[in-house]
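Comments concern the structure below.
Numbering (UniProt numbering), first residue to last: 1 to 728.
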């Protein structure tokens, strides 16, 4: 075989072909990733076949093969399309007459939100463009937010002209830019009815941008407008706030022995059925001006939707009620509207229609997270009927209906009459634990058997067919994203048993090393304790679940000390000794007025606490005083000295004198006390910094940057890591 060196021209051509080939290969991976619509996994090394398989699986899962309508099974596409059109036209395209109206002046204090009606600015619109999700499925126009960003210099003036016309309330013709496609996503594996599908609107990019601009104006106002018992879609509040509110209320009522009923309500098609007149009455009462309400009216009344069944769009449906899933303003408007229910319940307590759940302790009667409603009431027929009447009034005024068939009622300390109460409600009985916001809810510590659903959820997201489409670097990316994210949701609110954490780690280990449900012995090249360390410490960066749970639980300790406005404040959160110890070691108090700094517990004496300065004296303080005495109270007339109980011996007297000397030189200021987190530059707690703090004192792997910061493909980096540990 003849051979020769390449000529300069051939060498140049070879380089150009290589660059083109690598570019096309990268483009192929990107296209496969986009078609697969996997947001939890970035484009990775050798994951293209996985993305192709995932795309095929998603297409098969979302395809509607048949529909059960009025007892008849429809398989023909035309018949299914007609049934889908009739269903959603009756739901979205038909306004329902209201039987009652609410006297909103008794519920909502009129505000002034005139600042929301300022002219639209180019900077404001550009901010909205950048905050829109770049890779979401496009609407009927076929454009995504990525297109707006890439071509902003070309289309900028056209967009500004549209917003100028909208500011002047010239919305005629906006319907052409406000069209949407409605795609059906199955909510369950065996979906066969239209009610088993979740309708998602894919909206025209211009209407999406207009909605995003309005949404960004509304967002800063929500915290001051909406009741604390509602946490959905409001910056600074979270789903877990609602869970903690309900769980701590339930535990307190259980501990106090108060007979009560907990109602978990299901609102039927909440977003799709809300009444527009009711919504705009609420907005007017909140203080939204005429112009802003007109903008929202243009956005809602000009909207039309085509049901897309198996990729084929149907005839248009003109909206007459409800809010579109996919519109940025929809969740905010829904939260503002449904807050009327919380205000009705509060008004009923004020007027004596409902009684407080406990005479000595303030326990909230309602918790709202979007359309997830949880109510507490006394286990008495009169109270149950009053609650049902309030819900009926809310239904007839707002258009939101309670599906009592899917709702449930849990009785605490009930008697033999509880069956009659459940019959009056029309709800099914539910025993603890129940699932609320995707988290098990009970009055006791959960067992491993009760956490089995969490293990099953992680296993379902890591099926072995995915493993065979990836190398170990690809599996590592999936293990980092999926199993870590699913438990985190529950570990934010509760501490799973160690047995559950071991089972979760077993699933991760098996998927990573062997591509199956379990792996042990020679299949596991490196022990899991090393694998679950940060990269800088020689591991793979997979989260240690036990340390993660500890770091997440400290969030509640931090918030209980720094945010007095949380809905669950005052409901006595319980923490383990390990959690309290880590929190104490990670914080110190900058003393100000002394009204929030704990005299005996906090580190307010030059970074030390009296607990550390005088440990024997600290043991002489009753436990109920340790977390009740504030610095300002203790300094007033040396009241701290009166907290000491029992016989004081010589060593304790010495510590008493030392404490006296330190306290005598302490002065207060007008500034509020400030709790500082040691592990962040801004002094504010973060779960990431807390997790890293649990590795404090570990040895750093000096070669970690050489392994992970290079330009090599992920599979080469993984192999280099194994070589560094002598495990290949």
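No residue lacks a Cβ here, since even glycine has one placed at the ideal position from N, Cα and C.
For residue i, which residues of its own chain have a beta-carbon under 8 Å away from its beta-carbon, when the five flanking residues on both sides are left out?
i	result
residue 63	310
residue 729	Not covered by the structure: residue 729. The range shown for the chain is 1 to 728.
residue 369	230, 231, 232, 239, 242 and 437
residue 149	129, 130 and 134
residue 122	156 and 160
residue 187	196, 197 and 198
residue 147	205
residue 77	309, 310 and 312
residue 125	159, 160, 163, 209 and 213
By Cβ distance, which residues of its chain are closer than 6 Å to residue i, with the 5 residues on each side in sequence left out?
i	result
residue 374	246, 264 and 367
residue 793	Residue coverage of the chain in this structure runs from 1 to 728, which leaves residue 793 outside it and unanswerable.
residue 426	404
residue 39	The predicted model places residue 39 with a pLDDT of 48, which falls under 50 and marks its position as unreliable; any figure quoted below should be read in that light. Once the five neighbours on either side are set aside, residue 39 has no close Cβ partner at all.
residue 343	107
Does DSSP put residue i in a helix, a strand or coil?
i	result
residue 203	strand
residue 432	coil
residue 406	coil
residue 331	helix
residue 197	strand
residue 486	helix
residue 187	coil
residue 513	helix
residue 719	helix
residue 439	strand
residue 568	coil
residue 574	coil
residue 99	coil
residue 579	helix
residue 682	coil
residue 125	helix
residue 636	helix
residue 273	helix
What residues are listed by DSSP as bridge partners for residue i?
i	result
residue 72	69
residue 307	182
residue 221	BP columns for residue 221 are empty, so no partner.
residue 374	264 and 367
residue 674	590
residue 608	605
residue 411	261
residue 630	598
residue 230	368
residue 401	268
Would you verify that the beta carbon of residue i is, or is not, closer than 8 Å to some beta carbon of chain D?
i	result
residue 437	The structure shown has no chain D; it contains just one protein chain.
If I follow the unbroken alpha helix (DSSP H) through residue i, where does it start and stop?
i	result
residue 558	545-562
residue 749	Residue coverage of the chain in this structure runs from 1 to 728, which leaves residue 749 outside it and unanswerable.
residue 589	Segment 587-590 is the beta strand (DSSP E) holding residue 589; no alpha helix (DSSP H) there.
residue 155	152-167
residue 644	Per DSSP, residue 644 belongs to no alpha helix (DSSP H) and is neither H nor E.
residue 806	For residue 806 there is no data in the structure shown, the boundaries of the chain being 1 and 728.
residue 691	687-693
residue 461	452-461
residue 246	239-256
residue 418	418-425
residue 90	77-92
residue 301	290-301
residue 699	Premise fails: residue 699 is in no alpha helix (DSSP H) and is neither H nor E.
residue 177	Where residue 177 is concerned, there is no enclosing alpha helix (DSSP H), given that its DSSP letter is neither H nor E.
residue 278	276-286
residue 615	615-618
residue 531	528-531
What are the start and end residues of the beta strand (DSSP E) that includes residue i?
i	result
residue 318	312-318
residue 119	No beta strand (DSSP E) contains residue 119, which DSSP labels as neither H nor E.
Spatial neighbours of residue i within its chain, please: C-beta separation below 7 Å, excluding the five flanking residues on both sides.
i	result
residue 675	561, 562, 587 and 589
residue 46	A caution first: residue 46 carries a pLDDT of 44, below 50, which makes its placement in the model too unreliable to give a value.
residue 687	551, 552 and 555
Practice task
Check whether the segment 432-448 touches the segment 490-508, counting contact only when three or more Cβ pairs, one atom from each stretch, lie closer than 8 Å.
Solution key: Counting Cβ pairs under 8 Å, three or more are found: they touch.
Problem - Contact the segment 264-282 vs the segment 85-95: 3+ CB pairs below 8 Å - result: With contact defined as three or more Cβ pairs closer than 8 Å, the segment 264-282 and the segment 85-95 are in contact.
Problem - Cβ contact check for the segment 609-622 and the segment 632-646: 3 or more pairs under 8 Å - result: A contact is defined here as three or more CB-CB pairs under 8 Å, and the segment 609-622 meets this definition with respect to the segment 632-646.
Exercise for the section: Assess, as a yes-or-no matter, whether the segment 199-209 is touched by the segment 319-337 under the definition of 3 or more beta carbon pairs within less than 8 Å. Expected result: With a cut-off of 8 Å, the segment 199-209 and the segment 319-337 count as touching, because enough Cβ pairs lie within range.
Practice task
Could you say if the segment 374-384 and the segment 347-363 meet the contact criterion of at least three C-beta pairs nearer than 8 Å?
Solution key: A contact exists between the segment 374-384 and the segment 347-363.
Exercise for the section: State whether the segment 539-551 contacts the segment 495-502, with contact taken as three or more CB pairs (one from each stretch) at a distance under 8 Å. Expected result: These segments touch.
Practice task
Report yes or no: do three or more beta-carbon pairs, one from the segment 590-598 and one from the segment 658-670, lie closer than 8 Å?
Solution key: Contact between the segment 590-598 and the segment 658-670 is present, because at least three Cβ pairs lie under 8 Å.
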